[in-house]
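J.: The opening position of the sequence shown corresponds to residue 29 in this note's numbering, with each subsequent residue numbered one higher.
Here a beta-carbon is modelled for each residue, glycine too, at the ideal position from N, C-alpha and C.
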Amino acid sequence: MPVYDARTLGRDHRIVADAVIIGTGAGGAVAAAELARAGWRVVMLEEGGYFTGTHLEGDVRFAFARLYRDGGLTGTVGRPPIIVPLGRCVGGTTTINSGTCYRTPDFVLEHWERVLGLEGATELDEHYRALEKDLHIEPVPDEFYGPANKLIQNAVERVLGWRGSRIPRNAQGCLGTGRCAFGCPSDGKLAMSVSKVPEAIAHGADLWVHARARRILLDGRRAFGVVADALSDGGRPTGTRIDILAPLVVVAAGALHTPALLQASGVRHPWLGRNLHLHPATRVLGLFPEPIRGWREVPQAYNIDEFIPQGVFIQGQFVPPEIQAAAVPGFGATYRERMRAFNRMASFGALISDESAGRVWSIGHSGRPLAWYSLNSRDRRKLLFAIARTAEAFFAAGAQEVYTGVAALPVLRSRTQIAEFERCRVSPSQIEVMAFHPMGTARSGAPEWSVCDPWGKVYGYHGLAVADASLFPTSNRINPQLTIMALVRRNAHHWGAQGS
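Structure (structure tokens):
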């Protein structure tokens with residue numbers, strides 16, 4: 029298996045290929061698989077390590093140290109500061125997400141195509157279908173659809189009359205361990221590390237791990253390769269350099285690191301790094317009279333669909349108590365009693381499609397990103413609306429208390445308090461906000477407002493393409509990984525047909 033570990037290199041190394049792909053997440057892995065299948069000599073570069081199966085049976089600390097960038101603490105500055113957990117391993121964030129695979133709503137794709145100039149955005153169906161088949165994307169089965177999801181589904185659909193659905197996942201071999209966010213120990217979740225990366229390798233691609241792209245090689249406005257640094261176990265450059273020479277450079281480092289690397293390499297474009305969207309999210313907990321035991325089900329299994337047109341999506345989630353503890357309000361004896369009732373807590377994530385737009389810069393020539401993002405007033409109100417609707421669902425299901433994650437009113441004890449909650453004057457810094465879906469910083473579409481053309485090629489440059497959520501013209505309103513894959517699959521077919 030042509031997987032090479034840059035830690036073992038004792039001297040500088042030079043490689044010649046047809047394409048070099050930086051990153052092995054949802055975009056990079058699919059681009060590599062499609063180009064390799066078409067007969068291209070492909071080299072994949074991955075900054076992190078390669079972990080699958082039994083390598084992923086360690087505790088949460090192992091996952092944060094080995095699978096996450098910055099130990100899970102990558103974030104943005106602004107109001108409020110927002111943690112954006114990212115994968116740094118083969119498979120990228122697909123290795124540490126819950127496997128949720130949604131198609132972007134048609135009305136969003138129509139807007140991208142007709143208003144923002146992303147040609148062919150409404151013609152992704154064949155690519156969606158191919159990926160859904162390859163990755164065995166199906167709704168969560170009864171076997172792993174636990175008490176919390178059943179309870180909330182009944183309240184949402186029968187009591188409140190809202191629309192909801194089971195979440196589709198790329199997890200045909202799921203064993204229900206509940207460890208999705210820390211790497212699947214059974215390889216039942218078909219992250220890119222166990223699906224598209226091996227597929228690319230089977231068709232002749234090479235994979236280099238512990239190899240960080242330092243800069244893209246440019247001759248004027250033509251890309252011709254990448255300089256990468258071999259990294260030590262601790263992630264520091266060893267002093268050994270890898271040069272990969274290729275007429276096509278595909279940057280798939282994610283919406284924070286892709287623009288930073290392009291900027292550090294000397295790529296100049298007025299829109300590069302702008303238009304950062306995040307899907308700001310907060311977690312809402314409900315305390316119920318009966319045991320929930322969320323660890324007995326997959327972390328994300330049910331979605332409240334009712335408010336997607338308004339840019340709000342509410343999804344079941346479960347994380348271990350050592351992480352969830354920060355969301356439980358109280359102090360001393362009150363806090364202790366609430367944590368003792370952890371097995372009676374249900375947790376849902378309330379996410380919004382954001383109108384707020386941030387920006388990413390490279391810190392000097394390092395390629396490390398500095399991301400700025402602040403919630404505007406409309407998104408703040410939308411996030412409070414999302415929390416309120418989640419609380420409404422919890423109380424309809426019989427919750428005794430709801431923990432909102434909002435400092436002004438952290439505990440609700442009855443449905444009648446929801447109206448009071450929605451009237452609260454709350455600043456962004458009073459809301460516990462995280463984000464998991466950075467996108468938009470090298471958007472694809474019409475040249476007046478886009479970095480990349482409709483096929484992912486950087487405007488004004490030759491042999492330089494982007495293949496990750498940076499391409500999204502706006503927030504896509506739902507979990508993005510399947511649309512990243514579909515868009516990149518389409519683009520890679522185009523590159524293959526064009527020969528570059």
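1) Does the beta-carbon distance from F376 to G344 come in below 8 Å?
2) Please report the distance separating the alpha-carbon of P349 from that of N125.
3) Indicate whether the contact test is met: 3 or more Cβ pairs, each with one atom in the stretch 261 to 281 and one in the stretch 359 to 373, closer than 8 Å.
4) Excluding five sequence neighbours on each side, which residues of the same chain lie with their C-beta closer than 6 Å to the C-beta of E325?
5) Sort out for me which residues DSSP pairs T310 with in a bridge.
6) Quick check on this structure: which residue in R441, A66 and G491 has the alpha carbon closest to the alpha carbon of G524?
7) If I measure Cβ to Cβ from T123 and keep anything under 7 Å in the same chain, skipping five residues before and after, which residues do I get?
8) For the 8 Å Cβ check, are there 3 or more pairs between the stretch 138 to 149 and the stretch 475 to 484?
9) Buried or exposed: where does A447 fall if 16 or more other Cβ atoms within 10 Å of its Cβ makes it buried?
10) So, do the stretch 334 to 344 and the stretch 425 to 443 have three or more beta carbon pairs nearer to each other than 8 Å?
11) Going by C-alpha to C-alpha distance, which of P287, A93 and H522 sits closest to D261?
12) Consult DSSP for I43 and reduce its assignment to one of helix, strand or coil.
13) Quick one, are the C-beta atoms of V71 and I110 less than 8 Å apart?
14) Taking the beta carbon of G206 as the centre, do at least 16 other beta carbons fall within 10 Å, making it buried, or is it exposed?
15) If you compare alpha carbons, which of H465, A158 and E166 is closest to L304?
16) Hey, is the stretch 290 to 303 in contact with the stretch 73 to 82, meaning 3+ C-beta pairs nearer than 8 Å?
17) I'd like the list of long-range same chain contacts for H231, defined as Cβ closer than 6 Å, with 5 residues on each side in sequence excluded.
18) Name the one or two DSSP bridge partners that H305 has.
19) Do you know how far the Cα of I506 is from the Cα of S381?
20) Throw me the rounded Cβ distance for the P308 and L403 pair, which I believe falls under 8 Å.
21) On the DSSP bridge list, what partners appear for S193?
22) Thinking C-beta only, is G81 closer than 8 Å to P226?
23) If we require 4 or more residues per run, which alpha helix (DSSP H) segments fall completely within the stretch 437 to 517?
24) Tell whether a beta-carbon distance below 8 Å holds between I180 and T310.
25) Look at the alpha carbon of S455 and the alpha carbon of R408, and state the distance between them as a whole number of angstroms.
T.: With the given structure in hand:
1) Here residue 376 refers to the residue found at position 348 when the sequence shown is read from its first residue. Here residue 344 refers to the residue found at position 316 when the sequence shown is read from its first residue. Against a cut-off of 8 Å, the Cβ pair of G344 and F376 comes out as a contact.
2) Translated into the one-based positions of the sequence shown, residue 349 becomes position 321. Translated into the one-based positions of the sequence shown, residue 125 becomes position 97. Cα to Cα, P349 sits roughly 18 Å from N125.
3) no
4) Within the sequence shown, residue 325 is the residue found at index 297, counting from 1. Answer for E325: F172 and G174, listed in chain order.
5) By 1-based counting over the sequence shown, the position of residue 310 is 282. Beta-bridge pairing links T310 to A378.
6) Within the sequence shown, the letter at position 496 stands for residue 524. Of the candidates R441, A66 and G491, the one whose C-alpha sits nearest the C-alpha of G524 is A66.
7) Taking the sequence shown and counting its residues from 1, the one referred to as residue 123 is at position 95. Hits under 7 Å: L95, G115, C117, G211, A219 and S221.
8) yes
9) To locate residue 447, count along the sequence shown from 1; it is residue 419. Exposed, because fewer than 16 other Cβ atoms sit within 10 Å of the Cβ of A447.
10) no
11) Numbered from 1 along the sequence shown, position 233 holds the residue referred to as residue 261. Taking only the C-alpha atoms, the option nearest D261 is A93.
12) On the sequence shown, position 15 is the one that residue 43 refers to. It is a strand residue.
13) On the sequence shown, position 43 is the one that residue 71 refers to. On the sequence shown, position 82 is the one that residue 110 refers to. It is not a contact, given that the beta carbons lie outside the stated cut-off.
14) On the sequence shown, position 178 is the one that residue 206 refers to. Classification of G206: buried, given that the 10 Å Cβ count is 16 or more.
15) Taking the sequence shown and counting its residues from 1, one reaches residue 304 at position 276. If we check each option's Cα against that of L304, H465 comes out closest.
16) no
17) Walking along the sequence shown from the start, residue 231 turns up at place 203. Once the five neighbours on either side are set aside, the close Cβ partners of H231 are A64 and R65.
18) Counting from 1 along the sequence shown, the entry for residue 305 is found at position 277. BP columns for H305 point to M467.
19) Mapped onto the sequence shown, residue 381 falls at position 353. Mapped onto the sequence shown, residue 506 falls at position 478. If I take the Cα positions, the gap works out to 8 Å.
20) As a position in the sequence shown, residue 308 is number 280, starting the count at 1. As a position in the sequence shown, residue 403 is number 375, starting the count at 1. Going by Cβ atoms, the distance from P308 to L403 rounds to 6 Å, so yes, they are a contact pair.
21) Residue mapping note: residue 193 aligns to position 165 of the sequence shown, counting from 1. Beta-bridge pairing links S193 to N331.
22) Along the sequence shown, one-based indexing puts residue 226 at 198. Along the sequence shown, one-based indexing puts residue 81 at 53. Contact flag unset, no.
23) 445 to 451
24) Residue numbering aside, residue 180 sits at position 152 when the sequence shown is read from its first letter. Residue numbering aside, residue 310 sits at position 282 when the sequence shown is read from its first letter. No, Cβ-Cβ distance for I180 and T310 is not below 8 Å.
25) Working through the sequence shown from its first residue, we reach residue 455 at position 427. Working through the sequence shown from its first residue, we reach residue 408 at position 380. Spanning the two alpha carbons is a distance of roughly 8 Å.
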